[in-house]
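Residue numbers (the working numbering), protein chains in the order written: chain A, 57 to 170; chain B, 6 to 111. Here a beta-carbon is modelled for each residue, glycine too, at the ideal position from N, C-alpha and C. Working notes for the structure below.
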Amino acid sequence: MKKVTVVLQKSPFNTLRNSEALRMSLGLTLANNAVSVIFTSDAVYNLLPAFPENIKSPAFGRHIEMLNTLKCKLIAEKESMEERDVKDVNYNVEVKERAEVFKFIKESNTVITY
Amino acid sequence: MHQEKKQRLGILLTTSPESENTFTVIKLAEAAISSGKDVQIFLMCDGVYNINNKDFTSLLDKGVSVTLCAHNASERSVEKREGINFGSQYDHAYIVNESDRFLSFT
Chain A
57 MKKVTVVLQK
67 SPFNTLRNSE
77 ALRMSLGLTL
87 ANNAVSVIFT
97 SDAVYNLLPA
107 FPENIKSPAF
117 GRHIEMLNTL
127 KCKLIAEKES
137 MEERDVKDVN
147 YNVEVKERAE
157 VFKFIKESNT
167 VITY
Chain B
6 MHQEKKQRLG
16 ILLTTSPESE
26 NTFTVIKLAE
36 AAISSGKDVQ
46 IFLMCDGVYN
56 INNKDFTSLL
66 DKGVSVTLCA
76 HNASERSVEK
86 REGINFGSQY
96 DHAYIVNESD
106 RFLSFT
């Protein structure tokens, strides 16, 4: 099994990138890939409760929930959350310190940044 | 007779042809092909517009395999083109899984 890590860095609004990256992450599970998603920098805002459909933006929450259901690892970078005062996240994510996130990325077979 | 398996390079391109990523991907793919590697490119998001770029599609004649996300192409009214596989994220999952090296240009 190949360890594939998708790294999200952008905030959820004004872009389709996050919903596309999460859709792609789900798609990656269709082959023999152990898919993990890391939320870092402004991407930690994706983890807060949001209603993107209210501004005709694609809903991404269902992708995160499905990744959870498929037992994909979801990781949020602790420092990024603290810098942005992001608390009470809406999803079941593992919070890791930056050094641990680096180690996790380093141990991956494939890294896709988004 | 035993034939050695070719090394495989996978590339994800999600930006439109205006981005310098297109030039980088073309040159990388050409270099990989000339050194005897298999190259598979997957296009998604605005990357699907690259099939309208002549320099990019010239990679097909050099033996590069190009697949795109048909869902993204349909969203952008990009029409089918000979030689390009209008596939899905399923294809992407297998390209990632079967590549010896995978590079993303997003």
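Check, Outcome
"Kindly indicate the opening and closing residues of the alpha helix (DSSP H) around residue 83 of chain A.", "73-84"
"Taking only the alpha-carbon atoms, compute the straight-line gap between residue 118 of chain A and residue 9 of chain B and give it to the nearest angstrom.", "44 Å"
"Buried or exposed: where does residue 111 of chain A fall if 16 or more other Cβ atoms within 10 Å of its Cβ makes it buried?", "exposed"
"Distance, Cα to Cα, residue 78 of chain A vs residue 156 of chain A?", "22 Å"
"My output table needs one value for residue 81 of chain B: the three-state DSSP class, helix, strand or coil.", "coil"
"DSSP three-state label for residue 15 of chain B, please.", "strand"
"Identify each residue in the segment 86-108 of chain A for which the Cβ-Cβ distance to at least one residue of chain B is less than 7 Å, and report them in chain order.", "86, 87, 88 and 89"
"What are the residues in the segment 123-155 of chain A lying within 8 Å of chain B by C-beta distance?", "none"
"Run through the DSSP bridge pairs and tell me what residue 106 of chain B is partnered with.", "B/14"
"Residues in the segment 97-111 of chain B with C-beta within 7 Å of chain A's C-beta atoms, listed in sequence order?", "97, 98, 99, 101, 102, 107, 109 and 111"
"Can you give me, in chain order, the residues of the segment 77-94 of chain B that have a beta carbon less than 9 Å from any beta carbon in chain A?", "77, 93 and 94"
"Does residue 66 of chain A have its Cβ less than 7 Å from a Cβ in chain B?", "no"
"By DSSP, does residue 70 of chain B sit in helix, in strand, or in coil?", "strand"
"Quick check: the Cα distance between residue 101 of chain A and residue 89 of chain A, rounded to an integer number of angstroms?", "26 Å"
"Could you check whether residue 95 of chain A and residue 64 of chain A sit closer than 7 Å to each other, using their CB atoms as the reference points?", "yes"
"Tell me the rounded alpha-carbon separation between residue 140 of chain A and residue 104 of chain A.", "12 Å"
"Is the segment 11-22 of chain B in contact with the segment 147-163 of chain A, if contact means three or more CB pairs nearer than 8 Å?", "no"
"Between the segment 92-99 of chain B and the segment 65-83 of chain B, do three or more beta carbon pairs fall short of 8 Å?", "yes"
"Could you check how far apart the C-beta atoms of residue 152 of chain A and residue 168 of chain A are, in whole angstroms? I think they sit under 8 Å.", "Not confirmed; about 18 Å, so no contact."
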